[in-house]
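Q: Below: one structure in C-alpha cells.
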Amino acid sequence: MKFLIDLLTFPVLGPIKGVVWIAEKVSEQAEKETYNEDTVRGQLVALELRLDLGEISEEEYMEAEEALLARLRIIRERQAAEHQEANA
17 MKFLIDLLTF PVLGPIKGVV WIAEKVSEQA EKETYNEDTV RGQLVALELR LDLGEISEEE
77 YMEAEEALLA RLRIIRERQA AEHQEANA
C-alpha cells in the first residue's frame, strides 16, 4: 500500500524531496569545511602570510585571527564531546 501511495504522490513530492536532499548535502559539506581543523590551520597560515606581505593591517590580522581561533576552539570542543560520547 505504501508503494502505491509513494507512486501516486511522486510527481508532486519527488522534486520536493530531491531539493531537500540536495540542501541537506550542501549543509553537511559546508559544516565539514567550516569545522575542519586542517582547513582552519591553513587559513591561519595564509592569514599570517598576508600580514607578512603587507596585504592586511595588524588590526585586520588580529580580528581575523581571533575569529579563526574561536572556530578552532569550537572544533576541539566538538571533537572532545564526540570522543566522550564514543567512550560512554
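Counted the way the working numbering counts, the sequence shown spans residues 17 to 104.
For glycine and all other residues, C-beta sits at the position ideal for the given N, C-alpha and C.
1. Should A97 be flagged as near chain C, meaning a C-beta pair shorter than 7 Å?
2. My output table needs one value for Y51: the three-state DSSP class, helix, strand or coil.
3. To the nearest angstrom, how far is it from the Cα of P31 to the Cα of E44?
4. Span of the alpha helix (DSSP H) holding E71?
5. Hey, would you say R87 sits closer than 7 Å to V56, going by beta carbons?
6. Pull up the distance between the alpha-carbon of A62 and that of I90, whole angstroms please.
A: So, to answer that:
1. Protein chains in the displayed structure number just one, and chain C is not present.
2. Translated into the one-based positions of the sequence shown, residue 51 becomes position 35. Three-state DSSP puts Y51 in coil, outside helix and strand.
3. Position 15 of the sequence shown holds residue 31. Position 28 of the sequence shown holds residue 44. Using only the alpha carbons, I get a separation of about 20 Å.
4. The residue you call residue 71 lines up with position 55 of the sequence shown. Here E71 belongs to no alpha helix (DSSP H), and DSSP marks it neither H nor E.
5. Walking along the sequence shown from the start, residue 87 turns up at place 71. Walking along the sequence shown from the start, residue 56 turns up at place 40. Contact annotation: R87 and V56 have beta-carbon atoms nearer than 7 Å.
6. Here residue 62 refers to the residue found at position 46 when the sequence shown is read from its first residue. Here residue 90 refers to the residue found at position 74 when the sequence shown is read from its first residue. Between A62 and I90, the alpha-carbon positions lie close to 20 Å from each other.
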